[in-house]
RNA sequence: GCGAGAGUGGCGGAACUGGCAGACGCGCUGGACUUAGGAUCCAGUGAGGAAACUCAUGGGGGUUCAAAUCCCCCCUCUCGCACCA
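Numbering (the numbering used here), first residue to last: 1007 to 1845.
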C-alpha cells in the first residue's frame, strides 16, 4: 500500500484560477497599502528555477502581507524591447513583435504553474505603443529641460559583421559572434544628462537605509566623487595652457612631466608643433588598438610618446616634457595628468620605461629627510621636502596652502569630479522605442509634437545588419521622411532607438494607471502608492537599472510631477541559483526547467524547495535530490489531514478551542510548539528579512511534533475530545503559517476544513506569548568553560538556586574536589560556569 | 590593485545581543509495516575512543569565566570596480 499523497494536479488549476480575483488590487483604497514589486523580466520565453526564486520570494511575501491585512499591489510586466528578439528574428525569420508576444504568453503560463500570481489587469509591455508612447514623452520632457543632448560618441564596430555592437556583444575586445577585433566608430548620439544629478544621486544614497549596503557601495563607487584641484600648466612658447586635474596638489613640486590622453583635443596640435606628427599618429593608432584589446594587457603597459613640447610647472617654474600616454584616458578629469613619479605608482612605472630621462623628485617623506632610493612610489602622508616655501609642513596642510597660493595667482581652482558618465541612450537597433526627434536643416533637432506620439516603430523593416552603422529604421523611407514640427519644412526622423534601460526606468509608475491614454502616469495615485514598499530583484541590476530609475524619478520630481524623489523604499536582492558550480545558462547547459519538476512533484514542492534552499540573499546550489525532501514535507502535512479526516473535516474542524491551562504534559508541549512556530515564522519573514528557509524549518519541526503527538499521546489515541481539539488547533495554525509558501496545499486544506473564502484573507496566527518558554530547561554546568554536567531547572529559578545546584552537582563536586573556586558566573536560562583552580 | 561578501559534518545550511556548535533538510545506517520497498512510520548519524573522555566552525595569535560570533595577522573562494590622476 502506498501512502496518501497530495493530489496536486487536480488542485493546482482550481486555485490558480480563483486567485486571479484575489490579487486584483483596488488602488483607490490606500489604507495599509503595500506595493510589492518584482523586477519585470525580459520575455526570453523560458524561465528556469533560478528566475523562479525571485518570483517565488515575491509571491510568498505578497501572500504573507495579505494575511497581515495589507492591501497588496503586485503587478507584473515585460521589459520587452531588446536585442534577443532581433537575434531570434534573424535566426528564425519571425518578426520581433510576434516572437515577443508569443514569449509573453508562454511566460504568463509559467508564472501560473508556479502559483505565482499578479494583478494581470495592470500588465505592461515596454514594446507596446501604449507604453513606449510615454517613454518617448519622457524623452521629450528631458529634452525640453536640457537634459537630453546630442554629441558624437564612439560605438563598437565589428568590421566583419559590418554592424554596431552593444557592449554585451563585445567580449575582451572581440566580436562575440565572429571573433574579429572590434574597432571604434564615431556617431552622433543622444545622451541624458545624468551627471547633473550626480551629487543628489550620491547624497540620497544615505537615505536608502533599507537597501543592501553592497548596492549602495556599488552605486557610490560608480558615481565616483572625487575632490581635487585643476592646475594650469602653461605650454612653453604657446598661448595655451594644459589643465590638470589632481587630488594630490601637495606633490606638485615633484611633477616632472605631463601626460595627456592620446585622444585629447590638443594632442594633434602638440605633435605638429613638436614636429613629431607622423610617429605620433602611429602611436595614437597603437593606443586605440590597445584600448579595444584585452583590458589587463592594456593596463599593465605604461607606454608613452614624447610630443616634442614642454610645459611649465607653475610651482617650480621648470619646463617639463609633455607626453602622450596609454594610461591616461580622456573620460576622466581633464584628460591631462601631472606626472609625479616619486608619489604615484603609475607615474613611477612610466618613467622607468619612458623614452626620455625624467627626474624623480621626492617631495614628501615619512620623517622629513629624502629616501636614498625609492623602490616604489611613496603614496602615504608625510613631511614636505624639496618644496621651497612649504618644506617641513605636513602634506595635508601643504595641500590647502598650495591650492590657495596657486589660486590667488589664477593658476588653480578647487573642483569636484565624478566618474559617472552621461547616459548614452542611442542604439542603432530596430527593436526599441524610436527616439521622438526630427532633424530639420533649418531648425536643427526638434522634438515630435506630444500629440503626435507615439512615433510608431514601422513593422515591415529589414533588420538584418546593413553595414553602414545606421539603424535598420534608416532604410524605411516613409519612416525617415517627415515634416519639421517647428517650421513645417521637409525633415528627417532620428532613426535610432532608445536603450532599454530607459523603458525600465519608469515602468513602476505605469502600473498604477496602465490604461491611461492621456498621460504616462497618474500623479495622484503614484504619490499615494510610491515609493515602492518592497522591490525585489537580482543583484545584476545593482548599478544601472537602479541608478537610472532613481535619476528619472528625481527628474520627474523636479518637473513637479511627483512628490517623492526616490522610487524604491526598500530593496531586496536575491542570490543566484547555481548548478554544477556555474550560473544557470543555456550555453552552459545546466538549466533546470521548472515544468518537469512541477509535473512530477507539484508547484508547492518546487516553491518549498526554492525557499528552503538557503538564505534568499545568498547564492545557492541547486540539488535535484533535495527536492524530494520538500516533496516529503508537503505530503506529511497533507497526511496530517488524510490520516485524521474525521477530526479535521468540515464541521468537526471548526471547534479548535484550547484551554492551555488544562492540558497534560504532552499537550502543553504541542501547544507550546505551535506558539514557538508562529513566533519564528513571523520573525523570520518580517523581522529578519525574508528568511523563508528557517521559517520552513520551523514548520517542519512543528509537523514532526504533530506526528510524535499522534504516535505517543495515549489520550489522543483514545479519542479524548480535548486532545482532538488541540490537534485541530495545531494543524490549523500550521496550515495558516505555511499557506504563503505552499499556497495550493494550504488553500485546499483550508477548504476541506470547512472554511469559506480564501485562506489569504485570514490573519496569521498570533503566538500566545505565555507559552513561548518551557516550564523547565536544561541548565548547562561548566567548569572553566567546559561542559561537565547538565541539570533540569524551573524556568524562573533565581540565580542563587542555580549556583547552589551547580555546586551541589555530583559530577561538578568530583571535578572541583581539592581545588579552589575563583569565580562563579551564572547566566539564568543558559548556564553556570565555575572558574576554578583545580587540584 | 581597490571595495564588498563568504569559508561550519559526506552535502545544503542552523546557531538573533559572545553562553549546550551542527536546528531543519539531503544522504547514510538500523528497525517497524510489508509478497516486495525506491512508499510510509520510528530511531540513529561531526571525528577519535570499549569507556571515561578528548578533539572539532579555513590557518595562526589574542581578548574573555566563556569565541563560529569580538580584535590582529595569514590563506582560499565568489562578486563588483578597475590606469579614478
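Each residue gets a CB set at the ideal place from its N, CA and C atoms; glycine is no exception.
For residue i and residue j, I'd like the C-alpha separation in whole angstroms.
i            : j            : result
residue 1405 : residue 1571 : 37 Å
residue 1849 : residue 1129 : Past the boundaries of the shown model lies residue 1849; the chain is included only from 1007 to 1845, so the question cannot be answered.
residue 1480 : residue 1262 : 51 Å
residue 1063 : residue 1123 : 12 Å
residue 1302 : residue 1382 : Residue placement at residue 1302 is flagged as unreliable, the pLDDT there being 45, under the threshold of 50; the coordinate-derived value follows with that caveat. For residue 1302 and residue 1382, the distance between alpha carbons rounds to 21 Å.
residue 1118 : residue 1625 : 25 Å
residue 1019 : residue 1113 : 16 Å
residue 1033 : residue 1075 : 15 Å
residue 1641 : residue 1748 : 11 Å
residue 1781 : residue 1730 : 23 Å
residue 1162 : residue 1169 : 8 Å
residue 1252 : residue 1237 : 8 Å
residue 953  : residue 1379 : For the chain, the structure presents residues 1007 to 1845; residue 953 sits outside this window and is missing.
residue 1085 : residue 1466 : 22 Å
residue 1773 : residue 1059 : 29 Å
residue 1400 : residue 1232 : 21 Å
residue 1376 : residue 1255 : 19 Å
residue 1802 : residue 1838 : 15 Å
residue 1498 : residue 1485 : 8 Å
residue 1687 : residue 1817 : 39 Å
residue 1443 : residue 1496 : 14 Å
residue 1683 : residue 1439 : 51 Å
residue 1712 : residue 1212 : 47 Å
residue 1441 : residue 1155 : 12 Å
residue 1079 : residue 1126 : 11 Å
Could you check which residue in the options has the C-alpha nearest to that of residue i?
i            : options                : result
residue 1516 : 1227, 1141, 1036, 1671 : 1141
residue 1526 : 1411, 1008, 1505, 1144 : 1144
residue 1581 : 1614, 1627, 1575, 1706 : 1627
residue 1745 : 1288, 1614, 1678       : 1614
residue 1280 : 1296, 1242, 1308       : 1242
residue 1148 : 1133, 1197, 1184, 1166 : 1197
residue 1187 : 1204, 1165, 1170       : 1165
residue 1434 : 1511, 1664, 1663, 1505 : 1505
residue 1194 : 1760, 1476, 1132       : 1476
residue 1258 : 1283, 1402, 1309       : 1402
residue 1371 : 1364, 1288, 1348, 1712 : 1348
residue 1658 : 1717, 1757, 1045, 1308 : 1757
residue 1708 : 1339, 1727, 1681, 1293 : 1681
Looking only at its chain, what residues have a beta carbon closer than 8 Å to the beta carbon of residue i, apart from the 5 residues adjacent to it on each side?
i            : result
residue 1207 : 1200, 1225, 1229, 1426, 1553, 1556, 1557, 1560
residue 1264 : 1239, 1248, 1250, 1317, 1326, 1327, 1328, 1329, 1342, 1343, 1344, 1345
residue 1436 : 1092, 1102, 1463, 1467, 1469, 1477, 1478, 1479, 1503
Leaving out five residues before and five after residue i in sequence, what residues of the same chain have Cβ atoms less than 7 Å from its Cβ?
i            : result
residue 1413 : 1419
residue 1575 : 1216, 1537, 1538, 1539
residue 1397 : 1390, 1391
residue 1766 : 1028, 1069, 1072, 1073, 1745
residue 1662 : 1731, 1734, 1735, 1738
residue 1764 : 1028, 1753
Cβ-heavy atom distance between residue i and the ligand SAM below 8 Å?
i            : result
residue 1008 : Only the bare structure without any ligand can be found here, which leaves the ligand SAM out of the picture.
Grab me the residues of residue i's own chain with a C-beta within less than 6 Å of its C-beta, minus the 5 sequence neighbours each way, in chain order.
i            : result
residue 1361 : 1312
residue 1567 : 1529
residue 1021 : 1750, 1753
residue 1116 : 1053
residue 1320 : 1417
Q | Those runs of the alpha helix (DSSP H) which lie wholly inside the stretch 1113 to 1158 and span at least 4 residues | A | Along the length of the stretch 1113 to 1158, whole alpha helix (DSSP H) runs at least 4 residues long occupy 1135 to 1150, reported in chain order.
Q) Can you list the alpha helix (DSSP H) stretches of 4 or more residues lying completely in the stretch 1746 to 1805, in chain order? A) 1749 to 1758
**Q.** At least three beta-carbon pairs within less than 8 Å, the stretch 1447 to 1458 to the stretch 1473 to 1493
**A.** yes
Q.
For a minimum of 4 consecutive residues, which ranges assigned as the alpha helix (DSSP H) are wholly contained in the stretch 1336 to 1380?
A. 1351 to 1359
Q) Is there contact between the stretch 1584 to 1596 and the stretch 1094 to 1112, where contact requires at least three CB pairs shorter than 8 Å? A) no
Q. Taking one C-beta from the stretch 1089 to 1104 and one from the stretch 1785 to 1801 each time, how about it: are there three or more such pairs within less than 8 Å?
A. no
Q. How about the stretch 1457 to 1471 and the stretch 1507 to 1514: do they share at least three Cβ pairs that are nearer than 8 Å?
A. no
**Q.** Segment contact flag, the stretch 1607 to 1623 with the stretch 1695 to 1710, C-beta cutoff 8 Å, min 3 pairs
**A.** yes
Q. Three or more beta-carbon pairs under 8 Å between the stretch 1718 to 1726 and the stretch 1668 to 1683, yes or no?
A. yes
Q | Any alpha helix (DSSP H) of 4 or more consecutive residues that is wholly inside the stretch 1257 to 1291 | A | 1273 to 1279
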